[in-house]
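Right, one structure below, let's go through it.
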Amino acid sequence: ASVALYGKPVAAGVAVSANNSELDGLGLRHAVAADTPWKLSGESSLLGSNALHGCVLVRGLVAGTPHVFAAAAYDARGEAVGGIGGTSVEVVTSLPLPRLLLWAYVCRAATQLGARRVAIEALAELCAAFLAPAPPG
Numbered sequence: 176a177s178v179a180l181y182g183k184p185v186a187a188g189v190a191v192s193a194n195n196s197e198l199d200g201l202g203l204r205h206a207v208a209a210d211t212p213w214k215l216s217g218e219s220s221l222l223g224s225n226a227l228h229g230c231v232l233v234r235g236l237v238a239g240t241p242h243v244f245a246a247a248a249y250d251a252r253g254e255a256v257g258g259i260g261g262t263s264v265e266v267v268t269s270l271p272l273p274r275l276l277l278w279a280y281v282c283r284a285a286t287q288l289g290a291r292r293v294a295i296e297a298l299a300e301l302c303a304a305f306l307a308p309a310p311p312g
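Under our numbering, the first residue of the sequence shown carries the number 176, and numbering increases by one thereafter.
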């Protein structure tokens with residue numbers, strides 16, 4: 176069994192379909208197992224941590240543009256189970272955000288997810304920006 180995410184920029188009155196896989200990361204099937212909620216894919220091992228286990232990374236979103244998404248489940252034969260799901264509410268991309276704000280979000284999320292190495296790297300970026308080195312002696 177597997178799942179896939181589909182999406183597109185918002186267009187009046189048009190729902191997301193399985194044809195909406197133009198952006199990088201959409202339309203890719205991710206294996207699902209009964210004993211493991213999500214199996215790791217290449218993208219899921221982002222930053223060498225399984226803390227992002229179950230996340231789908233989508234690239235190529237245009238800043239300030241609203242997008243909608245929908246997911247589909249596939250059986251062992253690769254056939255859609257019940258068709259594609261309902262279209263999400265609009266998600267407006269708001270990047271670019273300030274770099275240090277992003278590091279703060281990464282630090283908080285990594286801490287909450289138990290991704291210690293990622294949290295330490297994010298905290299180091301924040302400390303380098305806000306703390307001055309101690310004077311010698």
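The C-beta atom is built at its ideal place from N, Cα and C for all residues, glycine as well. Note that the structure is a prediction, hence the values are computed from the model and not measured.
Are residue i and residue j touching if we call contact CB-CB under 8 Å?
i: Ala246; j: Leu180; result: yes
i: Ala233; j: Leu198; result: According to the sequence shown, residue 233 is Val rather than Ala. Taking 8 Å as the Cβ cut-off, Val233 and Leu198 qualify as a contacting pair.
i: Val191; j: Thr262; result: yes
i: Val281; j: Val293; result: yes
i: Ala248; j: Ala176; result: yes
Answer with buried or exposed for residue i, where buried requires no fewer than 16 other C-beta atoms within 10 angstroms of its C-beta.
i: Ala309; result: exposed
i: Val237; result: exposed
i: Gly253; result: exposed
What residues in its chain sit with their C-beta under 6 Å from that of residue i, if we drop five residues either side in the sequence?
i: Glu300; result: Trp278
For the alpha helix (DSSP H) that residue i lies in, which residues bound it at each end?
i: Val293; result: 291-305
i: Ala285; result: 274-288
In whole angstroms, what is the alpha-carbon distance linking residue i and residue j?
i: Val264; j: Val243; result: 6 Å
i: Ala304; j: Val231; result: 30 Å
i: Asn194; j: Gly258; result: 12 Å
i: Ile295; j: Leu306; result: 15 Å
i: Gly182; j: Thr286; result: 29 Å
i: Gly188; j: Thr240; result: 16 Å
Is any heavy atom in the ligand GDP found nearer than 7 Å to the beta carbon of residue i?
i: Leu203; result: Because no ligand of any kind appears in the structure shown, any question about the ligand GDP cannot be addressed here.
With a threshold of 8 Å between beta-carbons, can residue i be considered close to chain B, or not?
i: Gly188; result: Checking the listed chains, one finds no chain B in this structure; it contains a single protein chain.
Terminal residues of the continuous beta strand (DSSP E) containing residue i?
i: Val143; result: Residue 143 is absent from the model: the chain starts at 176 and stops at 312.
i: Val134; result: Outside the shown range of the chain, which is 176 to 312, sits residue 134, and nothing can be said about it.
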